[in-house]
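Notes for the one structure printed next.
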Amino acid sequence: MPELPEVEYVARQLRATLISRRIVGVEVRWERTIAGATPAQFAAAVVGRSVTGVGRRAKYLLLTLDDGALLIIHRRMSGNLLLWAAGEPEPLYLRVAFTLDDGRRLAYTDPRKFGRIALVAPGGEPPAALAALGPEPLEDEFTAAALQARLAGRRGAIKATLLDQRVVAGLGNIYADEALFRARIHPLRPAGSLSPEEVARLREGIRGALETGIAHGGTTFGRHRDIYDEAGINLEFVEVYRRTGQPCPRCGAQIERIVVAQRGTHFCPHCQPCDPSSLREREEKG
DNA sequence: TAAATCCTGTCA
DNA sequence: TGACAGGATTTA
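Everything in the first sequence is counted per our numbering, starting at 3 for the first residue and increasing by one.
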């Protein structure tokens, strides 16, 4: 799925185009995309409402409606939100279409059908998964100390821990690999074993990787598109993700691929050693 | 902690 | 044909 940068980029685009637009129609092509309601219930709750806010939490896109309801959209692996102008051909893999009061439509497309759109009624409780999310890594609250506290005592691999949305919100497979490379930390290191210096580097690596991704419209190697159907260009700036066998941009060693927590994991075996003392020794030698 | 599940498309 | 893909939840 799109990770934090891809969701954030699209949230900013939607904020610029959707605020104050009224939803005048909804068409559901794949019922299971709508979570917790029938298509008829969903349409009844949404049609006639206008959009008053567009936000993001972790990888969730949040649309607030003028009656206080909340639309929660998670694109999972292959979902996209596309602005669909009147007269244009229907986008491929259309699952849900919202017709707006200016004649355009907002299309939710999703070949793999993993994505979900949920509605929280006015005054209702957001899903438990949202409440359990960890801190937003780009907010001020995400300090090295806060990260250290969340990693303390955890024996699982740091790569797997970074993918746990309750630890840090919004990282996925691309940016977890990129953050660990920036921090020069091996993906299999036990999360609780990182030194304070390593945690501080990791915090910087996470923020840097995410900010770089947002600045480039996200990483597209397959499906991710913005609302104008444009691919993000961050793949050009990625340092290890999907670069197996290619030279490390820092030292020239070959990037390796291993599997951690059932996810492909890319790292530089020279810059991200299993044993951090070897890295310290090399740094001391210059 | 790990696998199965939800799905389809693409590439080797 | 089989492996793999940006994710998260449920089950074992």
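Ideal Cβ positions, reconstructed from N, Cα and C, are used throughout, including at glycine. Computed from a predicted structure; not experimentally measured.
beta-carbon residue i near the ligand COA non-hydrogen atom, thresh 7 Å
| i | result |
| --- | --- |
| D69 | Looking for the ligand COA in the displayed structure turns up nothing, as the structure carries no ligands at all. |
Residue i - DSSP class collapsed to helix/strand/coil
| i | result |
| --- | --- |
| Y243 | coil |
| P91 | coil |
| A13 | helix |
| G183 | Strictly speaking, residue 183 in this sequence is Phe, with Gly absent from that position. F183 falls in the helix class under three-state DSSP. |
| L132 | helix |
| F144 | coil |
| E283 | Only weak support exists for where E283 lies, its pLDDT of 45 falling under 50; the coordinates are left without a value. |
| R168 | coil |
Nearest neighbour of residue i, chosen from the options [CA to CA]
| i | options | result |
| --- | --- | --- |
| E141 | Y110, L212, D166, H188 | L212 |
| M79 | A87, P113, R59 | P113 |
| I75 | R205, P275, T111, V26 | T111 |
| L96 | F223, E10, R31, V12 | R31 |
| V56 | T267, F144, T66 | T66 |
| Q43 | R58, R227, G27, T54 | G27 |
| L102 | L149, A202, S197, I25 | I25 |
| R205 | P189, R259, L190, F144 | F144 |
Neighbourhood of residue i by C-beta distance below 7 Å, restricted to the same chain and skipping five residues each side
| i | result |
| --- | --- |
| I235 | H218, G219 |
| G247 | Q256, I257 |
| V169 | G136, R152, T163 |
| L85 | T19, R106, L108, I229, Y230 |
| P124 | D69, G70, A71 |
Residue burial classification, residue i (beta-carbon count within 10 angstroms, cutoff 16)
| i | result |
| --- | --- |
| E283 | Annotation note: pLDDT 45 at E283 (below 50); position unreliable, coordinate value reported separately. Flag for E283 reads exposed. |
| V261 | exposed |
| C250 | buried |
| E5 | buried |
| R157 | exposed |
| A60 | buried |
| G117 | buried |
DSSP bridge partner residues for residue i (one or two, in chain order)
| i | result |
| --- | --- |
| R230 | Residue identity check: residue 230 is Tyr in the sequence provided, not Arg. None, per the DSSP bridge assignment. |
| Q256 | P249 |
| I119 | I36, I75 |
Same chain, Cβ closer than 8 Å to residue i, five either side skipped, listed in chain order
| i | result |
| --- | --- |
| C253 | C270, H272, C273 |
| L165 | L173, G174, N175, A178, A263, R265 |
| E232 | G219 |
Cutoff 6 Å; reference residue i; Cβ partners in own chain excluding five residues on either side
| i | result |
| --- | --- |
| A181 | G207, I208, A211 |
| L94 | none |
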